[in-house]
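Engineer:
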Amino acid sequence: MAKIQQQLLFLLLCISALTWYSCKKETVVLPALSYDYFPIEEGRFIIYDVDSIYHSENDNNNDDSVYAYHFQIKDKIDSTFIDLEGRANQIRLRYRRDNDTMQWELSDVWTQYLSSTSAYLTEDNIKYHKLSFPINSTASWNGNDSNTEEEEIYFYDYFHEGDVINSLSFDSTLSVIQIDENNYVETIFGNEKYAAGVGMIYKERNDLGKTNGQVVKGLEYRMVVVDYGKE
Numbered sequence: 003m004a005k006i007q008q009q010l011l012f013l014l015l016c017i018s019a020l021t022w023y024s025c026k027k028e029t030v031v032l033p034a035l036s037y038d039y040f041p042i043e044e045g046r047f048i049i050y051d052v053d054s055i056y057h058s059e060n061d062n063n064n065d066d067s068v069y070a071y072h073f074q075i076k077d078k079i080d081s082t083f084i085d086l087e088g089r090a091n092q093i094r095l096r097y098r099r100d101n102d103t104m105q106w107e108l109s110d111v112w113t114q115y116l117s118s119t120s121a122y123l124t125e126d127n128i129k130y131h132k133l134s135f136p137i138n139s140t141a142s143w144n145g146n147d148s149n150t151e152e153e154e155i156y157f158y159d160y161f162h163e164g165d166v167i168n169s170l171s172f173d174s175t176l177s178v179i180q181i182d183e184n185n186y187v188e189t190i191f192g193n194e195k196y197a198a199g200v201g202m203i204y205k206e207r208n209d210l211g212k213t214n215g216q217v218v219k220g221l222e223y224r225m226v227v228v229d230y231g232k233e
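In structure tokens form, the structure reads like this:
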């Protein structure tokens, strides 16, 4: 009987050790904070100021061929559905208005998916790999690994750092560099910033063509958070 009791005690100690190790390993590999950068809770919303500058072909710095647009976008997590693979996805409703005195009008319906290793957002039927887990300084991934666009290797510029954007303070943010090419014939730059518990708080995307080092065509696009919360 004493031998059986000793074996049971040994087994319990082993189970306890394995449970402790598993919990510890999970905490190290993927802290809960990592998920917070990509919220999935229904009712969460973010409002952005958006600036879009379009350079027509061969403008040669002619102001008449540079078109600037300013408007606002509201991005809201609406509901959750189960896809064909049994995974929970969220529907994100995108609203647009020209300024903050006007009513919101629904412009797009997007979807998102969060797993233990990645966060995906489908924009206009194109699926992008936005975040990769675990978050660390060596992480890199192809943001277009689920679509037919050219490869773009994303990486974390910084993470888990405080930041102030548009007079709003955030305790923990990260920055993803999506592409950074600047040469004599083109400037292509992509950057998104996320705040824990909020989501994307900043986006910049420039796709510009040059002639003799001067911008002659392309688009400059920027989104900056102005408000966020839950409805």
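Residues in the sequence shown are numbered consecutively from 3, following the working numbering. Even glycine gets a Cβ: it sits at the ideal position worked out from N, Cα and C.
Grouping DSSP H, G and I as helix and E and B as strand, with all else coil, what is Asp100?
Structural biologist: Note: Asp100 maps to coil in three-state DSSP.
Engineer: Between Pro41, Phe83, Trp112 and Ile84, which has its C-alpha nearest Arg96's C-alpha?
Structural biologist: Ranking Pro41, Phe83, Trp112 and Ile84 by Cα distance to Arg96 puts Trp112 first.
Engineer: Measuring straight from C-alpha to C-alpha, what distance separates Glu151 and Leu123?
Structural biologist: Going by the C-alpha atoms only, they are around 15 Å apart.
Engineer: Go through the stretch 92-140 residue by residue and report every complete run of the beta strand (DSSP E) that reaches 3 residues or more, in order.
Structural biologist: 107-116, 120-125 and 128-134, all fully within the stretch 92-140.
Engineer: Over the uninterrupted beta strand (DSSP E) stretch that includes Gly164, give me the two end residues.
Structural biologist: Element bounds for Gly164: Ile155 to Ile167.
Engineer: Kindly list the residues whose CB is nearer than 7 Å to the CB of Ser139, restricted to its own chain and excluding five residues on each side of it in sequence; keep chain order.
Structural biologist: Counting only Cβ-Cβ distances below 7 Å, and skipping sequence neighbours, we find Tyr158.
Engineer: Here's the rule: buried if 16 or more other CB atoms are within 10 angstroms of the residue's CB, otherwise exposed. What is Glu194?
Structural biologist: Buried: at least 16 other Cβ atoms inside 10 Å.
Engineer: Are Tyr156 and Ser134 touching if we call contact CB-CB under 9 Å?
Structural biologist: Contact flag set, yes.
Engineer: Excluding the five sequence neighbours on either side, which residues of its own chain have a C-beta within less than 8 Å of the C-beta of Leu13, listed in chain order?
Structural biologist: Summary for Leu13: the model assigns pLDDT 32, below 50, so the residue's position carries little reliability; its value from the coordinates is reported in the next sentence. Contacts found: none.
Engineer: What separation, rounded to the nearest whole angstrom, lies between the Cα atoms of Tyr39 and Val187?
Structural biologist: Looking at the two C-alpha atoms, the distance is approximately 35 Å.
Engineer: Count the other CB atoms within 10 Å of the CB of Ile48; is the residue buried (16 or more) or exposed (fewer)?
Structural biologist: Buried, since its Cβ has 16 or more Cβ neighbours within 10 Å.
Engineer: Smallest Cα separation from Gly215: which of Gly201, Asn184 and Arg207?
Structural biologist: The candidate whose alpha carbon is nearest that of Gly215 is Asn184.
Engineer: Given a cut-off of 9 Å, decide if Ile137 and Phe172 are closer than it, judged by their beta-carbon atoms.
Structural biologist: Cβ distance not < 9 Å, so Phe172 and Ile137 don't count as in contact.
Engineer: Is it buried or exposed, Lys205, if we count other Cβ atoms within 10 angstroms and call 16 or more buried?
Structural biologist: Classification of Lys205: buried, given that the 10 Å Cβ count is 16 or more.
Engineer: Can Arg89 and Lys78 be called in contact, C-beta distance under 9 Å?
Structural biologist: No, the Cβ-Cβ distance between Arg89 and Lys78 is not below 9 Å.
Engineer: Could you tell me which residues DSSP pairs with Thr213 in its beta bridges?
Structural biologist: In DSSP, Thr213 forms a bridge with Gln216.
Engineer: Quick check on the DSSP output: the beta strand (DSSP E) that includes Tyr39 runs from which residue to which?
Structural biologist: Note, Tyr39: premise wrong, no beta strand (DSSP E); not H, not E.
Engineer: Under the assumption that His57 contacts Lys219 (Cβ atoms under 8 Å), give the Cβ distance between them as a whole number of angstroms.
Structural biologist: At roughly 5 Å, the Cβ-Cβ gap stays under 8 Å, so His57 and Lys219 are in contact.
Engineer: Could you tell me the distance, in whole angstroms, from the CA atom of Met202 to the CA atom of Thr213?
Structural biologist: Cα-Cα distance, rounded: 33 Å.
Engineer: Per DSSP, what are the beta-bridge partners of Asp53 in this structure?
Structural biologist: BP columns for Asp53 point to His72 and Arg224.
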